[in-house]
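Here the protein sequences line up with chains B and R, keeping their order.
Per this note's numbering, the very first residue in the first sequence carries number 30; after that it's consecutive.
Per this note's numbering, the very first residue in the second sequence carries number 30; after that it's consecutive.
So the structure is just underneath, and the comments pick up after that.
Number of protein chains: 2
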Amino acid sequence: MPETATARPAGLPAARNSEGDQMSAAHSALLNTMQQRFGERFSISTALREQHGGSEAHHTPALPDAVIFAETTDEVAEIVRLCSASGVPVIPFGAGTSLEGHLVATHGGISVDLSRMNEILRVSPEDLDCTVQAGVTREQLNTYLRDLGLFFPIDPGANASVGGMASTRASGTNAVRYGTMRENVLSLTVVLPDGKVIRTGGRARKSSAGYDLTRLFVGAEGTLGIITEVTLRLYGIPETVSAALCSFETVEQAVGAAIAVVQLGIPVARMELMDRGLVAAVNAYSGLSLKLEDSLVFEFHGAPAGVQEQIELVQAIVEENGGKNFEWASTPEDRARLWNARHNAFYAVVSQRANAKGWSSDVCVPVSELSGCIRYTRELLEDCSVPAAILGHVGDGNYHVVFAVDPTNAEEMAAVAAINKKMVRRAVSVGGTCTGEHGIGIGKIAYMREEHGDAVDLMATIKHAIDPTGIMNPGKILPVA
Amino acid sequence: MPETATARPAGLPAARNSEGDQMSAAHSALLNTMQQRFGERFSISTALREQHGGSEAHHTPALPDAVIFAETTDEVAEIVRLCSASGVPVIPFGAGTSLEGHLVATHGGISVDLSRMNEILRVSPEDLDCTVQAGVTREQLNTYLRDLGLFFPIDPGANASVGGMASTRASGTNAVRYGTMRENVLSLTVVLPDGKVIRTGGRARKSSAGYDLTRLFVGAEGTLGIITEVTLRLYGIPETVSAALCSFETVEQAVGAAIAVVQLGIPVARMELMDRGLVAAVNAYSGLSLKLEDSLVFEFHGAPAGVQEQIELVQAIVEENGGKNFEWASTPEDRARLWNARHNAFYAVVSQRANAKGWSSDVCVPVSELSGCIRYTRELLEDCSVPAAILGHVGDGNYHVVFAVDPTNAEEMAAVAAINKKMVRRAVSVGGTCTGEHGIGIGKIAYMREEHGDAVDLMATIKHAIDPTGIMNPGKILPVA
Chain B
30 MPETATARPA
40 GLPAARNSEG
50 DQMSAAHSAL
60 LNTMQQRFGE
70 RFSISTALRE
80 QHGGSEAHHT
90 PALPDAVIFA
100 ETTDEVAEIV
110 RLCSASGVPV
120 IPFGAGTSLE
130 GHLVATHGGI
140 SVDLSRMNEI
150 LRVSPEDLDC
160 TVQAGVTREQ
170 LNTYLRDLGL
180 FFPIDPGANA
190 SVGGMASTRA
200 SGTNAVRYGT
210 MRENVLSLTV
220 VLPDGKVIRT
230 GGRARKSSAG
240 YDLTRLFVGA
250 EGTLGIITEV
260 TLRLYGIPET
270 VSAALCSFET
280 VEQAVGAAIA
290 VVQLGIPVAR
300 MELMDRGLVA
310 AVNAYSGLSL
320 KLEDSLVFEF
330 HGAPAGVQEQ
340 IELVQAIVEE
350 NGGKNFEWAS
360 TPEDRARLWN
370 ARHNAFYAVV
380 SQRANAKGWS
390 SDVCVPVSEL
400 SGCIRYTREL
410 LEDCSVPAAI
420 LGHVGDGNYH
430 VVFAVDPTNA
440 EEMAAVAAIN
450 KKMVRRAVSV
460 GGTCTGEHGI
470 GIGKIAYMRE
480 EHGDAVDLMA
490 TIKHAIDPTG
500 IMNPGKILPV
510 A
Chain R
30 MPETATARPA
40 GLPAARNSEG
50 DQMSAAHSAL
60 LNTMQQRFGE
70 RFSISTALRE
80 QHGGSEAHHT
90 PALPDAVIFA
100 ETTDEVAEIV
110 RLCSASGVPV
120 IPFGAGTSLE
130 GHLVATHGGI
140 SVDLSRMNEI
150 LRVSPEDLDC
160 TVQAGVTREQ
170 LNTYLRDLGL
180 FFPIDPGANA
190 SVGGMASTRA
200 SGTNAVRYGT
210 MRENVLSLTV
220 VLPDGKVIRT
230 GGRARKSSAG
240 YDLTRLFVGA
250 EGTLGIITEV
260 TLRLYGIPET
270 VSAALCSFET
280 VEQAVGAAIA
290 VVQLGIPVAR
300 MELMDRGLVA
310 AVNAYSGLSL
320 KLEDSLVFEF
330 HGAPAGVQEQ
340 IELVQAIVEE
350 NGGKNFEWAS
360 TPEDRARLWN
370 ARHNAFYAVV
380 SQRANAKGWS
390 SDVCVPVSEL
400 SGCIRYTREL
410 LEDCSVPAAI
420 LGHVGDGNYH
430 VVFAVDPTNA
440 EEMAAVAAIN
450 KKMVRRAVSV
460 GGTCTGEHGI
470 GIGKIAYMRE
480 EHGDAVDLMA
490 TIKHAIDPTG
500 IMNPGKILPV
510 A
C-alpha cells in the first residue's frame with residue numbers, strides 16, 4: 030500500500046483495468062435493479078461508457094459498468110442508497126470537462142450523469158444570488174442571467190457544469206477579482222454516501238454557525254457525496270468593461286508587470302499570461318494575428334472613471350516593465366474574439382499535432398515565486414519533444430503547461446511526466462500547491478503527501494467517517510489500495 | 030439527550046456547574062504533572078480561572094481547573110497529548126473577547142492561554158501575506174504592518190487574537206469589501222486532538238489539492254483542534270480613504286439605501302447601520318454629538334478618481350432614499366474618532382445601566398430580507414425592559430442587537446432570551462443564519478438543528494472522527510450530553 034493510501038473497505042471492488050470485467054454477483058444484480066428502475070435512462074452501451082469514463086485529457090480511460098441519467102435529487106439519493114447497499118462505486122458526471130481523470134472509473138461502478146438536472150431554480154437580483162441544479166453549465170447560466178443585468182464570473186474556460194466546477198474548486202480567468210468557487214458558492218444540496226440529503230447552508234452572505242460544510246464539499250471531487258444543487262453569488266454586469274493586450278520581449282518582464290499590478294492592489298478583473306508559444310498556437314487555431322511575443326491580456330470592470338484610472342495605472346506599470354504594443358479591445362465583439370481565443374488555448378496547443386491528446390497541468394505559487402517558477406518551467410520545456418505552451422492566471426500565481434501528447438507512446442508520456450513532476454515539486458517547495466484549479470483526480474495523487482504531509486491522514490479520517498464503505502468516486506484525491 | 034446532542038465519550042467528565050469541583054483522580058494527577066512541567070506558567074488561581082472561564086458577555090461562567098500559558102506549538106501539542114491521555118478537556122484562549130460563551134468551561138479542563146504566542150513570524154509585502162502566532166491581536170498586527178504600507182482588514186471591533194478570530198470565523202465592518210476570516214486565512218498550523226501538528230495549506234492564493242482543511246478549522250471554535258499559527262492575506266493601505274455619515278428619518282430608509290449600494294455593486298469598504306438608540310448611546314459614551322437619527326456610516330477605499338466616483342454614486346443613492354446631513358470625516362483623526370465610537374458600541378449600550386453585562390446577538394439574512402427582519406426586531410424591542418440597540422454590517426445582511434442585562438435577574442434574562450429566539454427564528458426562516466460572525470459557542474446551540482437540519486449529524490460525524498474522546502472545547506457548537 031503506498032504511503033498515502035487509505036485502506037480499501039471490505040465491500041469495495043478492487044481497482045480494475047479498462048476492460049472492467051471483474052463484476053461480483055451482487056454487482057450484477059444491482060445493475061439489473063437499476064435497469065428495471067430507470068429504463069432507457071440506464072445504459073451499458075460501450076460508446077456511452079467510454080464517454081463517461083474517459084475525457085479529452087491524457088489519462089487512460091476506465092469505463093463505468095453503467096451510466097444513469099438522473100433527473101432529481103431524490104433519484105440521485107435512490108441510486109446512492111442502492112449502490113451503498115451493494116458496495117458499488119458511484120461517480121458523479123457533469124459535463125465531462127475535468128482534466129485530471131476525475132471521471133475515470135478506476136473501480137468500475139455507476140456513472141451518475143447529472144446533465145439533465147439543468148434547471149435554473151431561482152434567481153434573486155435583489156440578493157445577487159441564485160440556486161441551480163448541478164448540471165447547469167456556466168454558459169447556460171450566463172445566457173440566462175444576461176437579461177437580468179447579472180453574471181456569474183467563475184470561468185474555467187470549458188463550458189463546465191456548475192456542480193463539476195464546485196467539485197473541483199474551479200476558478201479561471203476572473204478569479205483574481207471575483208475569487209474561485211470557494212468564495213462564490215453560498216451553499217449546496219448534497220446526497221451523502223448513505224443516501225441522506227443535506228443542505229450545507231442557507232442564503233446569508235456569511236455565517237459562523239458551525240462547521241463549514243459548504244467548503245468541505247467544494248473541491249471534494251465527488252469523494253464525499255454528490256452535489257445536486259448549488260446556490261451561487263452573482264454580480265451585476267459592470268457598467269464599463271474594457272480589455273487590452275500587450276506584449277513583452279521576455280516572459281519575466283510580463284510576469285514582473287503582473288506582479289506589480291497585484292502588489293498595487295489594482296482591482297483588474299482578468300490578467301492572463303500567454304507565452305509566445307501559446308500566442309503562435311492561438312493565432313493558428315483561432316485565425317488571429319497577435320504579435321508573437323510573451324503577452325498579457327487584461328480586462329477591467331467597473332464604473333467609467335474607476336476603470337479609466339485602472340487602465341492608466343496598469344499602462345504605466347506595463348511600460349515600466351518593458352511592455353509595448355498596447356492594443357485595446359473595446360467593442361464587445363473584439364473582446365469576445367480575444368477571450369474565445371484564450372479559452373481555446375487547450376485546443377490550440379493540442380491541434381498542433383495530429384491525433385494528440387492534451388495534458389494540462391497546473392500549479393499555483395506565491396506571486397513572488399512566479400517568475401522563478403516559470404523560468405524553471407521554460408528551461409524544462411527546452412528539452413521537451415512534444416508541443417507545449419505556458420499560460421496562466423498570473424494575478425493569482427497560477428499557471429498551466431499544456432502538452433500535446435500521444436498517450437500510446439510510453440516513452441514520451443514518461444518524459445512529460447518527468448517534466449510535470451519537476452514543475453510540481455518546484456511549486457510545492459516554494460510554498461505553492463500541486464494544483465491551483467484542476468484538482469487532484471488521479472493525476473496529482475502522488476503529490477498529496479509531499480504537499481500536505483500528515484494533513485493527508487486527516488483527510489483520510491474525514492473520508493472514512495463520511496464514506497465508510499468507500500463507494501464515492503474511489504481512487505480520487507486519496508488512493509485506495 | 031436533546032435532539033442535537035452528540036454522545037458523551039466514555040472518558041469525558043460530565044458537564045458541571047460553576048463550582049467545578051467534581052474532579053477524578055486521573056484528572057488531579059494530570060494537574061500535578063502539568064504543574065511540574067510548566068511551573069509558574071501553570072495556575073489554579075481563582076481570579077485567573079474566572080478571567081478564563083467567563084467573559085464580558087452575559088453567559089454564566091464556568092471555570093477551568095487550571096490555566097497554562099503556552100509559548101510554542103510544541104508545548105500546545107504536549108498539553109493536548111497529556112489531556113488526551115487523561116480525558117481532560119482543553120479550551121484554547123486567545124484574548125477572551127468572544128461573545129457566545131466559547132470559553133465557558135462547561136466540562137472543566139485546561140484553558141490553554143495562547144496570548145504569549147504573539148510573534149509576527151513573517152511578512153511578505155511582495156505576496157501580500159504574513160504568518161503570525163495565534164495570540165497576535167489584530168491591533169498589534171496592524172500597528173506592525175503600517176510602516177510597510179499594508180493592513181489586515183478583518184475588524185470585529187474588539188482587539189481579538191488572530192487565532193480566536195479564525196476560530197469564530199470573525200468578520201466585522203470591512204467584510205462587505207474584503208470578506209471574512211473564511212476568505213482571508215490562507216492556511217493554519219493546528220494541533221489535533223491526538224497531539225499531532227498539521228499545516229492545512231501552503232501560501233498559494235488558491236488550491237484545488239484535496240479537502241479544504243483550512244476552512245474546516247476556521248469557525249470550528251476550537252472543537253476540532255487548537256490553531257497555533259495563521260497565514261493571512263494582507264492588503265496595501267489604500268491611496269485614498271474617505272468616510273461619511275448620514276442620517277435618515279426611518280431605519281427602513283437607511284436599510285433601503287444600503288441595499289441599493291450593494292445591488293449596484295459599489296465597492297464600499299464599510300457600510301454600517303446605527304439605529305437612533307445606538308447613536309444616543311454612542312454620543313453619551315464617546316462624547317460625540319451625532320444627530321439622533323438612524324444613521325449609516327460609510328468608508329471608501331481606492332485610488333482617488335475611483336473613490337470620488339463611489340462617493341458620488343453613494344451620495345445620490347442616499348438622497349434618493351431620504352438620507353440627509355451627509356457629514357465627511359476626511360482627516361485620519363475624524364475617521365478614527367468615528368470608528369472608535371462605532372467600535373465601542375457594545376460598551377456604549379452596556380454603560381447605559383449600572384453593573385450590566387452585554388448580551389450581543391447577531392444574525393445574518395439575505396439583504397432583500399434585511400428591512401423586514403430589522404423592522405420585526407424593532408417591534409420586539411418595543412416591549413423590552415432593558416436598554417437595547419440595533420447595529421449592523423448591513424452590506425452583508427448582518428445585524429446585531431446589544432442588550433444591557435442583569436444576568437442575576439432570571440425573569441429579565443428569560444424575557445431577553447425570548448426576544449432573541451424570535452429574532453433568530455425569523456432570520457433562519459428567511460434563509461439566513463443564527464449567527465453571522467459571533468459563532469455558536471454555548472449561546473446558539475439550540476438553533477443548530479433548526480438552521481442546518483440533518484447536516485448537524487454530519488458535523489457530529491466529523492467531530493467524532495477527528496476528536497473521538499471529545500476533549501476539544503466540549504459543549505460548544507454541538508452539545509455533549
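Backbone N, C-alpha and C define an ideal beta-carbon position, used for all residues, glycine too.
Owing to the predicted nature of the structure, the values given are computational and were not obtained by experimental measurement.
Hey, how far is the Cα of residue i from the Cα of residue j?
i                : j                : result
Arg454 (chain B) : Val430 (chain B) : 14 Å
Ala365 (chain R) : Thr462 (chain R) : 31 Å
Ser397 (chain R) : Asp158 (chain B) : 11 Å
Leu170 (chain B) : Val214 (chain B) : 14 Å
Glu441 (chain B) : Val459 (chain B) : 28 Å
Trp357 (chain B) : Glu322 (chain B) : 17 Å
Pro296 (chain R) : Val259 (chain R) : 27 Å
Met452 (chain B) : Ile266 (chain B) : 37 Å
Ala433 (chain R) : Val379 (chain R) : 5 Å
Ala44 (chain R)  : Asp223 (chain B) : 32 Å
Glu69 (chain B)  : Thr101 (chain B) : 16 Å
Counting only Cβ pairs nearer than 8 Å, list the residues of chain A close to residue i.
i                : result
Asp176 (chain R) : Of the protein chains in the structure, B and R, none is chain A.
Could you tell me if residue i is buried or exposed, where buried requires 16 or more neighbouring beta carbons within 10 angstroms of its beta carbon?
i                : result
Asp496 (chain R) : buried
Asp304 (chain B) : buried
Glu348 (chain R) : exposed
Thr172 (chain B) : exposed
Ala76 (chain B)  : exposed
Lys235 (chain R) : buried
Asp167 (chain R) : In the sequence as displayed, the identity of residue 167 (chain R) is Arg instead of Asp. Result: buried.
Asp94 (chain B)  : buried
Asp156 (chain R) : buried
Arg151 (chain B) : exposed
Arg232 (chain B) : buried
Ala286 (chain R) : buried
Met30 (chain R)  : A caution first: Met30 (chain R) carries a pLDDT of 35, below 50, which makes its placement in the model unreliable, though a value can still be read off. With fewer than 16 other Cβ atoms within 10 Å, it is exposed.
Ser359 (chain B) : exposed
Gln65 (chain R)  : exposed
Report yes if the C-beta distance between residue i and residue j is below 8 Å; otherwise report no.
i                : j                : result
Val105 (chain R) : Val141 (chain R) : yes
Leu59 (chain R)  : Thr498 (chain R) : no
Leu263 (chain B) : Leu342 (chain B) : no
Ile255 (chain B) : Pro121 (chain B) : yes
Cys393 (chain B) : Asp425 (chain B) : yes
Gly193 (chain B) : Thr243 (chain B) : no
Ile506 (chain R) : Ile469 (chain R) : yes
Arg198 (chain R) : Glu480 (chain R) : no
His56 (chain R)  : Trp388 (chain R) : no
Thr202 (chain B) : Ile471 (chain B) : no
Ile448 (chain R) : Val280 (chain R) : no
Gly164 (chain B) : Leu143 (chain B) : yes
If you follow the beta strand (DSSP E) that residue i is in, where does it begin and where does it stop?
i                : result
Gln162 (chain R) : 158-162
Ile120 (chain B) : 119-122
Ile149 (chain B) : 149-153
In the DSSP assignment, the alpha helix (DSSP H) including residue i goes from what residue to what residue?
i                : result
Ile495 (chain R) : 484-495
Asp6 (chain B)   : Not covered by the structure: residue 6 (chain B). The range shown for chain B is 30 to 510.
If you measure from the CB of residue i, is any heavy atom of the ligand ZN nearer than 7 Å?
i                : result
Thr229 (chain R) : The model on display carries no ligand, and the ligand ZN is accordingly not part of it.
Beta strand (DSSP E) runs contained entirely in the region 395-478 of chain B, provided each spans 3 or more residues | 417-422, 427-434
In the region 308-367 of chain R, which residue ranges form an unbroken alpha helix (DSSP H) of at least 4 residues, counting only runs that do not cross its ends?
-> 333-349
In chain order, which beta strand (DSSP E) runs of at least 3 residues are fully inside the region 209-290 of chain B?
-> 214-220, 226-228, 255-262, 269-277
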